[in-house]
Each structure stands twice: as C-alpha cells, then as structure tokens.
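Visitor:
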Amino acid sequence: MTAAEPRSTGLSRPGLRGREAELERLRTLVEAVRDGEGGAMALLLGEPGIGKTVLLEETVALARAQGFVVSQGHAEELHELAPLASLASGLLHGDPPLLSGEDFAHLAGHHDQRIWLVERLAQLIEERSAGTPTLIAIDDVQWADPLSRFALNVLPARLFTSPVLWLLAGREDPDLRRDGPCLTTVPLRPLTDAALAELARDALGDDVPPKVTELLDGSGGNPFLATELLTGIAASGTEGPEQPPERLVLGVRGRLAALRPGTLEFLRVGSVLGRAFRLGDAAALCGRPATALITELDEAIAAGLVDDDGERLVFRHDLLRQAVYADLAPSARRALHREAARRLVAVGRTPVDAVPHLLKSAEPGDHEAARLLGRAATDVLSVMPDLAADLALRALELLPPHEPTAFVAGERAITALTRAGRYTRARETGDALLARRPPLDVFARLQSVLGDTLWHLDDVHELTRRTTAGLAVVTDPAISARLTARQALARSRGRDLDAARSTGERALAEAERADDREARVVALWGLGEIALNAGECAAAVAHHTALSAFDAAFLPEEVVARVHLDDFAMARQLLGTAGDAPLRPAMLMWAQGTLHLGLGRLDDAEADFVTAERLEADLGVPGNLVNIRVNRGRLALLRGDRDAARHHLEAVRAALAERPNTGNHAAHQYLEAVIADAAGHHAAAAEHLRSAQRDHPFVRWRILRTRCVDAVRIALRAGDRALADDLAAQAATHAARNPAVPTAQGIAAHTAGLVGADTALLERAVRVLRTGPRPLHLAAASADLGRALLPTGTAAAIPALSTAYEQFVQMGAGFEADRVRADLDRAATRSGRRAAARPRPSQGWEALTASERKVARLIADGHTNRSAAAALVVSPHTVNTHLASVFRKLSVTSRVQLTRRVPAQADAPS
C-alpha cells in the first residue's frame, strides 16, 4: 500500500517527494526495455515506510503508459509458505493476465518438479511477452514463499533475452543470482530536510510553523511516518500544547486510542492474521458472527487503518499492522496465533496455511502442532526440501524425547535434511535419536533412513557398519530389505565386488518378497553400480533398464550405462523419450553430455555440461560438479585452451575442499595429470595417475575408463613403463569382460600398441574403433598409428594422419588437429603444407558453434526457446545455454538486436 494520503493536500503524487532521481532511473529502465535493449531487473530496497511501494506503483503506471503488459503482485508475511503464491498473485491478475487460471492450475499440479515448473513458467511468459514489453512487479519480496523465491532466482536469467522488466521491492537484498539481466539496485534512503519541507507544504500550505519542522525531525526522514504526523497535525490544527500529544508524533497510536474497544479488539485480531485477512476469520477469532462486526469494520476504515478490496481487508501499510500487533501482550499474541491455526485447519485450509501461526505459538508438548508441522513438511518436501527440513525439525522439538511419535518425526526430519543436502545435520539428528536408546525395530528403521545420508557423505565404511548393526536386530521384512540394499550399495565401493553382487541379489529378492518399493529401487541401483564398477557393461544396462522401468527418475543412469555399452542409438532414443517433465533434469543433461562427448560433438557436450552445472546450481545441490568440470577441463585441452582447463581444475579443487568425496578422487587426479602433462611436467602427471589408483585400479573408475589411452601416454612420457604396463593390462581385462563393446576392444588394442610400439595392434585398434560410435577415439588411434608408421615410410603414415587430422578438425579439437598437422608436415613435403586448424575467435559470428548458429537463426526467425528446442530436438535448457553464449559472443542484449545481426551474418563462411 502507499503511504497514508493527506486528506487536505494538493499533492498529485503522494510519497514521491524527494524521489525524483530514483524515479528517473526507473523511467530509463522502462524505456530501455521498451526500445528492445533486452531484459532488466530493478531492486527497490529500504526500511518499512520509506516509499518503496509508491515508487513501485509509479513505475507500474509509467510502464502501462508505455504499452507494457503488467503483472503486479505482492508477498505477505503470514502467507509465505504456499507454493508460488507470491508470484502468482501478480501473474493471474494483470490486464490481460500473463497466466490464465488453467495455466496456473497445470503448473500447480507439478510444483514438486521445480526446474520443470520454472521452465514452463518461463515458456508461458516468453510467449506472452513476444513482441510486447512486460513488467513483473512484486512488492514485499522479503516475504516471498520459497517456490516464488526460487523462481525469481532462476526466471530472470532464463528470460534475459526477452523484453521483461523485473521490479522487486523489499526491505533487504533478496540475494538473487547475478547471471541474469542487467541489475539496477535502487536503495531508498531517508528524505532530505528539503523534501520533508516540501511534504509539509503539500499537507499544510506554504506557511509551515517552525514547530512542525522540529516535529518532522522525529520521523527520521521516513515518508510514511512523516505523512502520518502531518495528517495528525492537519486534523487537529497547528496550535497545541507545548509538548505535542503522542498522536502527533506517531499518528497510529493516536488513532488507536480514539477507537472503541470492540474496534480495537477487531484490529488486533486482524493484525495476528496478517496484513490481509478475511472478515470471517477475524470474526471467528473474536467469537462473534461476521455481521456483528460491521460497525467495527466501518470505524476501522473511516480511521484510515484498513481498506476493503472486495475479498479481504488490508491494513493500509504494514507499519500500521505492526503498530497494532505491538500493542498485544506476548501471551495474547501466542494464544491468538494458536487459535488462528486451529481455525484455518477447521475450515479446510492446508497445514501449510497454518504453519506461520504454529511457528509463532506452538510450545513443547503441543502434539497437534507437531502433527500439523509434520504434515506440512511432507507436503513441501518435494518442492522445497530445505523448508521441509526446518518444519520437521521444529515438529521434533515439540515432542517429548521418548514418545514413539518423536522417532517418527525424527525419521521425517532426517529424510528432509538429506533431501535438502544438509547431510551433517541429518547425521547429527539421527545420532541424537539413537542416543535415546529406541526400541530395536525403531533402531533398525533409523539406521535405514540414515543410510541415504551416509551415502551422500561418502562414508561407506560407516554405512556398512550401521546397516550390519540394523540387520542384527530388525524384524520388519521391508526394513531388512532396505538395510540389505543399502549395504550392497556401500559394498559397490569396496574391493570384493562378488560379495557386493551377492548382497545386492539377496536384497532384491527380499524387496520383492516384502513388496517394498524403496528397497527394490535401492537394490537395483546398487546392482547397477556394482556392475559398472566391475566393468560388466551388459549387466549394468540390464539392472539400470529394470530400475528406470520401475522408477523413471533413474532414466539418466540407464542412458549412461548404454553409453558404456556403446549402445548410442538406444541412449539417444531414451533421451528423446524423457518427456517434457523430467524429474532430474540436471542428471539428464549430464547423460546427454556424456553421449555427445562420445559422439565427438564437443561443442554440444560442452553446452550440455554447462547446462547441467547451471541446473545443479539452481537447485543448490552440486552433486555432479566435479565430474562436470573434469569433462570440461578435458574438452578445453582438446581445443588447446589451457587457461580454461586450469580454471576448471581450480573449480574441482574448491569443490573437493568444501565437500571432500573419495568417489571423486580419481577423476580429480586424472585432470591434474593431463594438465600437468600438457605443461611438460610428466613425472608429476604420472604421480597423479598413481594417486588415482591407490583405492582401485584406474579402469574401475568408469569416468576414466575411456581415457586409459591418455593415461598410458602420460606414463610413457614419464618413463614409467611399469605404470603403462599396468594400465594396458587393465584395459585388456576390461575388454575381455565386454567382448561386444567396440570401444573396450579398441582401447585395449590401442594401449597395448602404445606400450609395445606395435603397429599391428594400432592397426587393429583403428579397425575395431571404426566399427564403433566414438570418432574421438578413432582419431586418436589413427594419429598414433600414423606416428608409429612414420619410421617405416611416409606412404603408409600419411593416410592415417590425414584421417586423424580431418576428424579432429571436424570435431573442433583444434589442439589435437594442430599436433597431427605438424606430423603431416614433417612426413611429406610433396603433400603440401596444411593450414593450421584455426582457433575459433571469441567474439563475432565466427565464434559461434554450429549448434549456436542454428539457435541464433531460429530465434531471429521468431521462435521461442521452446519452439526452437522442438525444431532442434533438444531440451529448452540446452537452447537457453546456447542462446546465452550467442548473446555474449555477438555482444547483443535482446532478441531484437539479435535479429538485426543474424540476417547479415547467417550465410558468412564458417
């Protein structure tokens, strides 16, 4: 709401005195978005009553006058948990609305899929804003519900190419990501003395008594407080006692003192319900029928304290509500909040609606509050696990330590904390519950729930110990199956994979007998992990196929397993059938990047890995960051960009320093090795490889399995023949386990050929890899074959080197292409010198990859991200990544600017 409007004033824009500079900055932003300069975001920040709302509303008026479609909403303190409520308050009520009721109902039905929901919301806004600038304004953003806050953190970056202006007003910086559109922060500071003087003249005329100026000093430059003060003076006259009455200083207190007791009680109850509240709810808390409160309502409106918007009663400013609320005794507040929670549940509201009141009123031993908080935690777990964890912990705190319900609440808290990535707190919560010496079956259940926590903490030894302890006392067949499955998963990291496999098979049989879904999922997952770690690619595919058929969320694991089997056709088909609402989009992008890397589509793989990392960052759970950066580092080296490779290595080091994980040790050491080797530090590189093998053989780590050739080359350059022999032997063992996988067979022949300087084996590697799907491995084998043949004569070497050169150039592996070109130049002068593989520039049309050019043309032709994704048969997430790169390389900030650039450049040579 705006600041209180003086009753006798000629002020045409109340509350804007002293805000001319801020308003001009906002006007400039509106005009820039209108003129096609891209999206933008503005934050209006300041204390309550400082004038944020009136400035937001003036900007809304400016935008409407400029032809914007406007969505204006606000968040409310006691309604801050309902998913998407804050954002929807504006999207559903524009003229025309950005979102139809049908659209919102469909979105609300998928609120458990945060990334999908935001992407779909972005698509709808993008479609609505096509050709028309759009303003999305949200007031009191500090109270935005968690899902709206998540959307506001992601949507501006997703829509930065569209003509959308985001205008957010709040008391503090909402700490949004800075990778979206241009951000303008507008801090609202106290009004100057000159602005206060103008405000006084607006309210009282030109002749303002000196005493009024002195009184205005007490407002601290706050426009709302100053206006309230002036309103009081205007009502009572400028003459008065030497010491001004309290109502002239605070205004609000004076109005309250003048109200009848019944009206004051009504307002106090309303203040407990929130800034906006329903008359029926207030009447219920007052213990009176709504019709009996008409007189009190009329008096509150006449006093300028509340307004009636037709659906709810709204305090004219939150400072007014706070002033009324502050007059309540703490015990009265607590009692009213508790009664409000009961009222909301009694009339059919969800537990989430009652939670804000429960958090302000529940006391230890309040079983009903604990039950409602637990239900609310369950309701929001899938959409906002961090909030669910806080609610579940609060429910646990309310219950007596040794009551059975406390252990149930504890299990819920451990689950929510683990889902939120708060693994250490989850473990501490579980240990505290176990210290209470629960009954044996409860002990076993807690150990089962803690299993997921310990897996994410990478503490497989403790996971094995605890599952063993639980199995020693469990009587429930379903819990027994879960514990056995967790134990199999833990043993997948150990040396005895035969024993692990036996445990997994037993767990799966127990799960089927108990008909327990969770146990079956974990058992299949464990068996798939065991098979992959053992290098049994066909068995891994079988287990992951069964798993993804049972739970579609594990489809990315099946895709990756099929890539290991060289079944790229089925992997591609699975990605195509993932649907429009994948449950784990970041992992799906990782799987797609793995496939594209195998296919030698290096630019597309890079885009996929960038997208996967961004999606993980959106969710705040960077579980695959190390592997993503290792792959990106290798891609950078293939292109010859050592600076980028070192940047990715630093990111890996930082991630592991923050969250150590032995499962990522080998991948990290591999990247250290190849970067050290590229810098000429061959002995150090070999030591990194040896470090990668300390826990398990190199080929055991499946992300490194296809990189065994790199490792052998490093060992040979370091003069470590024993290490090279060991690596080649591992590759041979892996090939023996996978006779139908061309890549495994080709790598075995390639590594053996390098170690033995055997051209026949290198020729065999080329022949075998030619039957497989991986051009990068074929090019590497062809290059090594050509180099090996050089001493025997150039005629035999040139075809192999030429093939390798052409393949590396086609894939964009410029550094490797240049190395082969140098070999060709030395090999045969009669063949003519080949031009170096020209590095791709960093700016301009020539800097775009083939996929980026396709996206640029489609967007310039008027496609939305969604329709461009459909045309290219890729994810909208991928299109967004490509488009961000296009805008950066072409130095454009909007689709309008892109359209001007593409037609003139589209047919330029690559």
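Quick note: the sequence shown uses the numbering used here, first residue 71, plus one each step. We put the beta carbon where it would ideally sit given N, CA and C, even for glycine.
By the three-class DSSP mapping on this structure, what secondary structure does residue 318 have?
Guide: Residue placement at residue 318 cannot be trusted, given a pLDDT of 34 that sits under 50; the coordinates are not used to answer.
Visitor: Taking only runs of the alpha helix (DSSP H) that begin and end inside the region 412-466, which ones reach a length of at least 4 residues, in chain order?
Guide: As far as the region 412-466 is concerned, its whole alpha helix (DSSP H) runs of at least 4 residues are 421-431 and 437-450.
Visitor: Pick out whichever of 344, 169 and 947 has its Cα sitting closest to the Cα of residue 684.
Guide: The option with the nearest alpha carbon to residue 684 is 947.
Visitor: Mapping the DSSP letters down to three states, classify residue 470 as helix, strand or coil.
Guide: Note: residue 470 maps to coil in three-state DSSP.
Visitor: According to DSSP, simplified to helix, strand and coil, what is residue 86?
Guide: Three-state DSSP puts residue 86 in coil, outside helix and strand.
Visitor: Check whether the region 193-208 touches the region 136-143, taking contact to mean three or more Cβ pairs, one atom from each stretch, closer than 8 Å.
Guide: Contact between the region 193-208 and the region 136-143 is present, because at least three Cβ pairs lie under 8 Å.
Visitor: Pairs of beta-carbons, one from the region 507-520 and one from the region 543-556, closer than 8 Å: are there three or more?
Guide: Judged by Cβ distances under 8 Å, the region 507-520 makes contact with the region 543-556, as three or more pairs qualify.
Visitor: Which residues mark the beginning and the end of the alpha helix (DSSP H) in which residue 114 is found?
Guide: Residue 114 -> not in any alpha helix (DSSP H); beta strand (DSSP E) instead, spanning 110-115.
Visitor: Just to check my reading of the structure: residue 722 and residue 700 have Cβ atoms closer than 8 Å, yes? What is that Cβ distance to the nearest angstrom?
Guide: Contact flag correct, Cβ pair sits at about 6 Å.
Visitor: Can you list, in chain order, the residues of its chain with a C-beta nearer than 7 Å to that of residue 88? Leave out the 5 residues immediately preceding and following it.
Guide: Taken in chain order, the residues that qualify are 261, 262 and 265.
Visitor: For a test of the three-state rule: what should DSSP assign to residue 758, helix, strand or coil?
Guide: In the structure shown, residue 758 sits in a helix (DSSP, three-state: H, G or I).
Visitor: Which residue wins for smallest C-alpha separation from residue 644, given the options 619, 167 and 371?
Guide: Per the Cα distances, 619.
Visitor: Which partner residues does residue 143 have in the DSSP bridge list?
Guide: Answer is 208.
Visitor: On the CB-based measure, 16 or more other CB atoms within 10 Å of its CB, does residue 913 come out buried or exposed?
Guide: Residue 913 is exposed by the Cβ-count criterion.
Visitor: Just checking my contact of residue 705 with residue 725 at CB under 8 Å: how many whole Å lie between their CB atoms?
Guide: Contact flag wrong, Cβ pair sits at about 18 Å.
Visitor: Under 6 Å Cβ to Cβ from residue 963, same chain only, skipping five residues before and after it: list those, please.
Guide: Contacts found: 107 and 108.
Visitor: For residue 603 and residue 819, I'd like the C-alpha separation in whole angstroms.
Guide: Near 21 Å, if we compare the C-alpha coordinates of residue 819 and residue 603.
Visitor: Around the Cβ of residue 417, are there at least 16 other Cβ atoms within 10 angstroms (buried) or fewer (exposed)?
Guide: Residue 417 comes out exposed.
Visitor: What residue range does the alpha helix (DSSP H) around residue 230 cover?
Guide: From DSSP, residue 230 is part of no alpha helix (DSSP H); its letter is neither H nor E.
Visitor: Could you spell out where the alpha helix (DSSP H) holding residue 946 opens and where it closes?
Guide: Segment 946-960, the alpha helix (DSSP H) holding residue 946.
Visitor: Is residue 688 helix, strand or coil when you go by DSSP?
Guide: Helix.
Visitor: Tell me the start and end of each unbroken beta strand (DSSP E) in the region 237-298 that is at least 3 residues and wholly inside, in chain order.
Guide: Correct list: 252-257.
Visitor: Alpha carbon to alpha carbon, what distance is there between residue 163 and residue 103?
Guide: Answer to the nearest angstrom: the Cα atoms are 22 Å apart.
Visitor: Output the distance between the C-alpha atoms of residue 456 and residue 490, rounded to the nearest integer angstrom.
Guide: Between residue 456 and residue 490, the C-alpha separation is close to 5 Å.
Visitor: May I have the straight-line CA-CA distance separating residue 971 from residue 300, to the nearest angstrom?
Guide: Roughly 56 Å separates the two Cα atoms.
Visitor: Give the straight-line distance between the Cα atoms of residue 728 and residue 527, rounded to the nearest whole angstrom.
Guide: Those two C-alpha atoms are separated by around 12 Å.
Visitor: Might you give, ordered along the chain, the residues of its own chain that have their beta carbon closer than 6 Å to the beta carbon of residue 366, omitting 5 neighbours on each side?
Guide: Contacts found: 332, 333 and 336.
Visitor: Quick check on this structure: which residue in 557, 502 and 451 has the alpha carbon closest to the alpha carbon of residue 529?
Guide: Nearest option by C-alpha distance: 557.
Visitor: In whole angstroms, give me the CA-to-CA distance for residue 316 and residue 147.
Guide: Low local confidence applies: a pLDDT of 41 at residue 316 is under 50, so the model's placement there is unreliable, with the coordinate-based value given in what follows. Cα to Cα, residue 316 sits roughly 28 Å from residue 147.
Visitor: For residue 931, which of helix, strand or coil comes out of DSSP?
Guide: In this structure, residue 931 counts as coil in the three-state DSSP scheme.
Visitor: Start and end of the alpha helix (DSSP H) containing residue 747?
Guide: Where residue 747 is concerned, the enclosing alpha helix (DSSP H) stretches over 735-748.
Visitor: Please look up how many angstroms separate the CB atoms of residue 499 and residue 483, rounded, as I've assumed it's under 8 Å.
Guide: So it is a contact: roughly 5 Å between Cβ atoms.
Visitor: Report the rounded CA-to-CA distance for residue 105 versus residue 713, giving the unit in angstroms.
Guide: Between residue 105 and residue 713, the C-alpha separation is close to 38 Å.
Visitor: If you follow the beta strand (DSSP E) that residue 624 is part of, which residue opens it and which one closes it?
Guide: First-last for residue 624: undefined, no H or E at that position.
Visitor: Pick helix, strand or coil for residue 788, following the three-state DSSP scheme.
Guide: Reduced to three states, the DSSP call for residue 788 is coil.
Visitor: From 825, 788, 808 and 814, pick the residue whose C-alpha is nearest to that of residue 798; which is it?
Guide: Measuring from the Cα of residue 798, the nearest candidate turns out to be 825.
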